[in-house]
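Asks: Respectively, the protein sequence lines represent chains C and Z. Sequential numbering from 2 applies to the first sequence in my numbering. Sequential numbering from 242 applies to the second sequence in my numbering. Even glycine gets a Cβ: it sits at the ideal position worked out from N, Cα and C. Treat the numbers as computed from the prediction; the structure is a model and nothing was measured.
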Amino acid sequence: MSDLTQRERMQIPRQEMPAQDPGIRRGNFDEVALGFTEALARREAERCLQCARPECVEGCPVEVLIPQFIRALRDGDMIEAVRVMKVKNGLPAICGRVCPQEVQCEIKCVLAKKGEPVAIGRLERFVGDYELARRTCPLDCCEPSGKKVAIVGSGPAGLTCAVDLGREGHGVTIFESLHAPGGVLTYGIPEFRLPKSVVHGEIDYAVECLGIEIRTDHVIGRTLTLNELLEKFDAVFLGTGAGLPSFLRIPGINYNGVMSANEFLTRVNLMKGYRFPEYDTPVKVGKRVAVVGAGNVAMDAARCSLRLQTLRAQGTGENPGEVHIVYRRSRAEVPARAEEVHHAEEEGVIFDFLTNPVEIFGDEHGNVCGMRCIRMQLGEPDGSGRRRPIPIEGSEFDIEVDTVIFALGTSPNPLVFVDAEGLERTKWGTVVTDQETGRTTKPRVWAGGDVVTGAATVVSAMGAGKRAAADIHRFLMGEASW
Amino acid sequence: MYPILEKQVLSDVTKLIVVKAPQVARKAKAGQFVIVRIDEYGERIPLTVADYDREAGTITLIFQEVGKSTMHLGTLEAGDELATFVGPLGHATEIENYGTVVCVGGGVGIAPIFPIARALKEAGNYVISIIGARNKDLLFWEDRMRAVSDELIVCTDDGSHGRKALVTEPLKELLEERPGEIARVWAIGPGIMMKFVSLTTQPYKVPTIVSLNTIMIDGTGMCGGCRVLLEEGARFVCVDGPEFDAHKVDWDNLLARQQFYREEERLAVERWEHECRLEGVLREGGA
Numbered sequence: 002m003s004d005l006t007q008r009e010r011m012q013i014p015r016q017e018m019p020a021q022d023p024g025i026r027r028g029n030f031d032e033v034a035l036g037f038t039e040a041l042a043r044r045e046a047e048r049c050l051q052c053a054r055p056e057c058v059e060g061c062p063v064e065v066l067i068p069q070f071i072r073a074l075r076d077g078d079m080i081e082a083v084r085v086m087k088v089k090n091g092l093p094a095i096c097g098r099v100c101p102q103e104v105q106c107e108i109k110c111v112l113a114k115k116g117e118p119v120a121i122g123r124l125e126r127f128v129g130d131y132e133l134a135r136r137t138c139p140l141d142c143c144e145p146s147g148k149k150v151a152i153v154g155s156g157p158a159g160l161t162c163a164v165d166l167g168r169e170g171h172g173v174t175i176f177e178s179l180h181a182p183g184g185v186l187t188y189g190i191p192e193f194r195l196p197k198s199v200v201h202g203e204i205d206y207a208v209e210c211l212g213i214e215i216r217t218d219h220v221i222g223r224t225l226t227l228n229e230l231l232e233k234f235d236a237v238f239l240g241t242g243a244g245l246p247s248f249l250r251i252p253g254i255n256y257n258g259v260m261s262a263n264e265f266l267t268r269v270n271l272m273k274g275y276r277f278p279e280y281d282t283p284v285k286v287g288k289r290v291a292v293v294g295a296g297n298v299a300m301d302a303a304r305c306s307l308r309l310q311t312l313r314a315q316g317t318g319e320n321p322g323e324v325h326i327v328y329r330r331s332r333a334e335v336p337a338r339a340e341e342v343h344h345a346e347e348e349g350v351i352f353d354f355l356t357n358p359v360e361i362f363g364d365e366h367g368n369v370c371g372m373r374c375i376r377m378q379l380g381e382p383d384g385s386g387r388r389r390p391i392p393i394e395g396s397e398f399d400i401e402v403d404t405v406i407f408a409l410g411t412s413p414n415p416l417v418f419v420d421a422e423g424l425e426r427t428k429w430g431t432v433v434t435d436q437e438t439g440r441t442t443k444p445r446v447w448a449g450g451d452v453v454t455g456a457a458t459v460v461s462a463m464g465a466g467k468r469a470a471a472d473i474h475r476f477l478m479g480e481a482s483w
Numbered sequence: 242m243y244p245i246l247e248k249q250v251l252s253d254v255t256k257l258i259v260v261k262a263p264q265v266a267r268k269a270k271a272g273q274f275v276i277v278r279i280d281e282y283g284e285r286i287p288l289t290v291a292d293y294d295r296e297a298g299t300i301t302l303i304f305q306e307v308g309k310s311t312m313h314l315g316t317l318e319a320g321d322e323l324a325t326f327v328g329p330l331g332h333a334t335e336i337e338n339y340g341t342v343v344c345v346g347g348g349v350g351i352a353p354i355f356p357i358a359r360a361l362k363e364a365g366n367y368v369i370s371i372i373g374a375r376n377k378d379l380l381f382w383e384d385r386m387r388a389v390s391d392e393l394i395v396c397t398d399d400g401s402h403g404r405k406a407l408v409t410e411p412l413k414e415l416l417e418e419r420p421g422e423i424a425r426v427w428a429i430g431p432g433i434m435m436k437f438v439s440l441t442t443q444p445y446k447v448p449t450i451v452s453l454n455t456i457m458i459d460g461t462g463m464c465g466g467c468r469v470l471l472e473e474g475a476r477f478v479c480v481d482g483p484e485f486d487a488h489k490v491d492w493d494n495l496l497a498r499q500q501f502y503r504e505e506e507r508l509a510v511e512r513w514e515h516e517c518r519l520e521g522v523l524r525e526g527g528a
């Protein structure tokens, strides 16, 4: 097939990725998207036109050499495909699953102009999974430099920074506050979207190859502080993410059954609450769940709720219940990844657009029993470029709910800034950095990912980790002064 | 992994463990807490630091077996290891020389009130301590509390040791008998006890500090499960506390929130007790 004409390539339809049936998957936590088979992957790879000036690469925050890896895949040279991938991306099995490809690489694909883009994300995942299963191309590192770097946070930004610095031969120690590494990949993104075996497989692989040390149970700002790290390490990278949940400032947020998506997802994912009582941490949702917000985290919370309801009802003949997404803007403004919205709808999540909560009601035991909402309409575009939602006066209405999950975005956790004078922050609590290098206002301290941008995507955090790693390397080797 | 170096049985349901965790011991101060997880399947539970030894690198914890996790923890012995031990978390107690202070410890709350009383004594305060429990068997550390207090009042609900009274009774008498003398009160114990200590001191306008122990997961401000309603709005026990001005706490909300997983806790305890019985049967059968 390798000698197809461009016209023939363009006639191949975009290959669908096999997935669990919606009716079945809402009753389990297994992965929804099953991944390409080798035949499907090679067929999809044939669609790539191998542009001389590939725009897809520009769309990728870590600049994966997309046409080259697809070419190798098309030629059946998997080892080469893996090698090319790992030049830029040490965590492809993760990125292939959680990147919003439709607004990054795939939107720039020349095929997208007339039809459907090459399924770059699915191909990346295929290569990543192949490598996780076979380990053909261990990351290699240079001679030890004798320099030591501390990375705070083992999420996407920290891991990427650690891998790149490890490859350069620097001694890397990652400090993680929780008991398992991965940050949001571990506590936030559910098993059915990103299996923990993939996260830990990818992390273990990189850490073993490069001799990176991960110290879990270390809260920087408490167990150790930034200034103490600076005494022992030549450079420090802060990739602590945006871990603080937001609650609406409305009456009733402290009733039982009102929680942050962070709490709910941490119970489900990190603590494996969906397997209670085999695992000790309980998690529960009622029969009428309202998830407030419409980002990826909201979709995750809604789909976990649906699964918990279905599992509970199994074999009882009872109606499992309902899960609503309550969002103050309209469908067009939904910030979640397109595939997540699609999957949520297939599974039965109900979307209440242009609706905003104004009060939560509780019963005599302090449990949530209802929520008052107001209808919204869209006005002029606001600072984010999206049309501003405006309440319609007098349009309040009450809905019956027994669980309310707030998925309203998060902000950086200020704990890490204890004993860190000189580290400037914005009024939103994010760290001020130089965009190109990730340098903060405090000497020998870099930062990247959500702690700088506020809640964003996995791959943009990885991009920031990469840029910082490059500058840290130059600094450590004396090629750049502070 | 964090090894348990020593274990003491203080009562049927109250246990003391000394855990090797130098990175926590190096920083721990009175008033702070740690998060403990027993094993791969375990919950993350917050426990207040009862004592620390910086040189030995150890933290002493005292806990009462009230649910599955603490019952399981109570079965561990010296030589066993904990999967997770994070800290020190929360703010330390603000220690100054206030003059005359009262430290109230109820039940297992005696453990965390001890380092606070000690620190207050070291700072030059005249320390009056009141410790209480349901009965004699649940009391512990009377000698240690006596050693760091200028006056110690011991009471039990059933009168089996010390005075037959709730801790609020001697507290009220002190406030009555020594008007204007008591500068500050600390109280640690069950939620309901802290609520009534708060109600007792409120009419006398004596600043009262309580250490709240709420449901939490990470202990670093991430989950928000520990939020407590104060007059000025919701606060997180893990990062804003664990100590708060008792007179500002919405106690009914706090007590209601502690009940949220009651049914699940009951299930977990049942399952645990069943497993323990099974294990017992198997052991006997094998012997």
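(1) Taking only three categories from DSSP, how would you classify D353(C)?
(2) Which of the three DSSP states is assigned to R15(C) in this structure?
(3) What distance in whole Å lies between the Cβ atoms of G373(Z) and G347(Z), which are believed to be in contact at a cut-off of 8 Å?
(4) Contact criterion: CB-CB distance below 8 Å. Does R387(Z) meet it with respect to chain C?
(5) How should G167(C) be labelled, buried or exposed, when 16 other C-beta atoms within 10 angstroms of its C-beta is the threshold for buried?
(6) May I ask which residues mark the beginning and end of the beta strand (DSSP E) holding V433(C)?
(7) For A528(Z), count neighbouring Cβ atoms within 10 angstroms of its own Cβ and tell me buried if that reaches 16, exposed if not.
(8) At a CB-CB cut-off below 8 Å, which residues of chain C make contact with E516(Z)?
(9) Given this structure, state the Cα-to-Cα distance separating D459(Z) from L355(C), to the nearest angstrom.
(10) List, from N- to C-terminal side, the beta strand (DSSP E) runs of 3 residues or more that fit wholly inside the region 173-242 of chain C.
(11) Measure the Cβ-Cβ separation of V359(C) and H325(C) and say whether it is below 8 Å.
(12) Between Q264(Z) and chain C, is there a C-beta pair that is closer than 8 Å?
(13) Any beta-carbon of chain Z closer than 8 Å to the one on P14(C)?
(14) Have a look at S370(Z), R278(Z) and L314(Z) and flag the residue whose alpha-carbon is nearest the alpha-carbon of V327(Z).
(15) Is D141(C) close to chain Z, meaning its C-beta is less than 8 Å from at least one C-beta of that chain?
(16) Is there a C-beta anywhere in chain C that falls below 8 Å from the one on R531(Z)?
(17) Nearest to E169(C) by alpha carbon, out of T187(C), D420(C), L186(C) and G147(C)?
(18) Keeping to the same chain, check which residues put their C-beta closer than 7 Å to that of D130(C); ignore five residues upstream and five downstream.
(19) Would G318(C) count as contacting chain Z if we go by Cβ distances under 8 Å?
(20) When the Cα atoms are used, what is the spatial distance from C162(C) to G156(C)?
(21) Closer than 8 Å by beta-carbon distance: list the chain C residues that pair up with P329(Z), in chain order.
(22) Nearest chain C C-beta to L519(Z) closer than 8 Å, yes or no?
(23) Should K233(C) be flagged as near chain Z, meaning a C-beta pair shorter than 8 Å?
(24) Could you tell me whether the Cβ of I433(Z) comes closer than 8 Å to any Cβ of chain C?
(25) Going by C-alpha distance, which of L409(C), Q378(C), D403(C) and A295(C) is nearest E394(C)?
(26) What are the residues that DSSP puts in a beta bridge with P287(Z)?
(27) Touching or not, the region 284-301 of chain C and the region 418-435 of chain C, by the rule of three or more beta carbon pairs under 8 Å?
(28) Cβ of V419(C) within 8 Å of Cβ of G371(C)?
(29) In chain order, what residues of the same chain have a beta carbon less than 7 Å from the beta carbon of S452(Z), not counting five sequence neighbours either side?
(30) In terms of residue numbering, what span does the alpha helix (DSSP H) encompassing D481(Z) cover?
(31) Could you check what DSSP says for T267(C) in three-state terms: helix, strand or coil?
(32) Please list, in chain order, the chain Z residues whose beta carbon lies closer than 9 Å to that of K285(C).
(33) To the nearest angstrom, report how far apart T397(Z) and T255(Z) are at their CA atoms.
(34) Between the beta-carbon of L520(C) and the beta-carbon of A82(C), is there less than 8 Å?
(35) Give me the Cβ distance between V260(Z) and I245(Z), rounded to the nearest whole Å; I'm assuming they're in contact under 8 Å.
(36) Would you grab the beta carbon distance between I394(Z) and L496(Z) for me? Rounded to a whole angstrom, and I think it's under 8 Å.
Replies: The answer reads as follows:
(1) Strand at D353(C).
(2) R15(C): coil per DSSP, three-state reduction.
(3) Right, the Cβ-Cβ distance comes to about 5 Å (below 8 Å), so this counts as a contact.
(4) Judged by the 8 Å Cβ criterion, R387(Z) is not in contact with chain C.
(5) By the neighbour-count definition (other C-beta atoms within 10 Å, threshold 16), G167(C) is a buried residue.
(6) Careful: V433(C) lies outside any beta strand (DSSP E) and carries neither H nor E.
(7) At A528(Z), the pLDDT of 46 sits below 50, so the modelled position is not reliable; the number obtained from the coordinates is stated separately. Label assigned to A528(Z): exposed.
(8) Near E516(Z) there are no residues of chain C at all, since even the closest Cβ is about 10 Å away, more than 8 Å.
(9) Rounded to whole angstroms, D459(Z) to L355(C) spans 34 Å at the Cα level.
(10) With a minimum length of 3 residues, the continuous beta strand (DSSP E) runs that stay inside the region 173-242 of chain C are 214-216 and 236-239.
(11) The answer is no: Cβ separation not under 8 Å.
(12) Cβ-Cβ to chain C under 8 Å: yes for Q264(Z).
(13) Not an interface residue.
(14) Per the C-alpha coordinates, the member of S370(Z), R278(Z) and L314(Z) positioned closest to V327(Z) is R278(Z).
(15) Not one chain Z Cβ lies under 8 Å of D141(C).
(16) There is simply no residue 531(Z) to check, as chain Z begins at 242 and stops at 528 in what is shown.
(17) Comparing alpha carbon positions, the residue from T187(C), D420(C), L186(C) and G147(C) closest to E169(C) is G147(C).
(18) Within the same chain, and ignoring the five residues on either side of D130(C) in sequence, the residues whose Cβ sits closer than 7 Å to its Cβ are G36 and A94.
(19) Chain Z contact via Cβ: absent.
(20) Straight-line spacing of the CA atoms in C162(C) and G156(C) works out to 10 Å.
(21) For P329(Z), the C-beta contacts it makes with chain C under 8 Å involve R223 and T224, in order along the chain.
(22) Judged by the 8 Å Cβ criterion, L519(Z) is not in contact with chain C.
(23) Look at K233(C): its C-beta is not under 8 Å from any C-beta on chain Z.
(24) Not an interface residue.
(25) The option with the nearest alpha carbon to E394(C) is Q378(C).
(26) DSSP lists I276(Z) as partners of P287(Z).
(27) Output reads no: the region 418-435 of chain C does not touch the region 284-301 of chain C.
(28) In this structure, G371(C) does not lie closer than 8 Å to V419(C) by Cβ.
(29) Non-local beta-carbon contacts of S452(Z) in its own chain, meaning distances under 7 Å to residues more than five positions away in sequence, involve G272, T289, P353, I429, P483 and E484 in chain order.
(30) For D481(Z), the enclosing alpha helix (DSSP H) stretches over residues V478 to D481.
(31) Three-state result, T267(C): helix.
(32) Correct list: F501, Y502, E504 and E505.
(33) Distance between the alpha carbons of T397(Z) and T255(Z): 16 Å.
(34) Limits of chain C in this structure are 2 at one end and 483 at the other, which puts residue 520(C) out of reach.
(35) With 8 Å as the limit, V260(Z) and I245(Z) qualify as a contact, their Cβ atoms being about 6 Å apart.
(36) With a Cβ gap of about 26 Å, I394(Z) and L496(Z) do not count as contacting.
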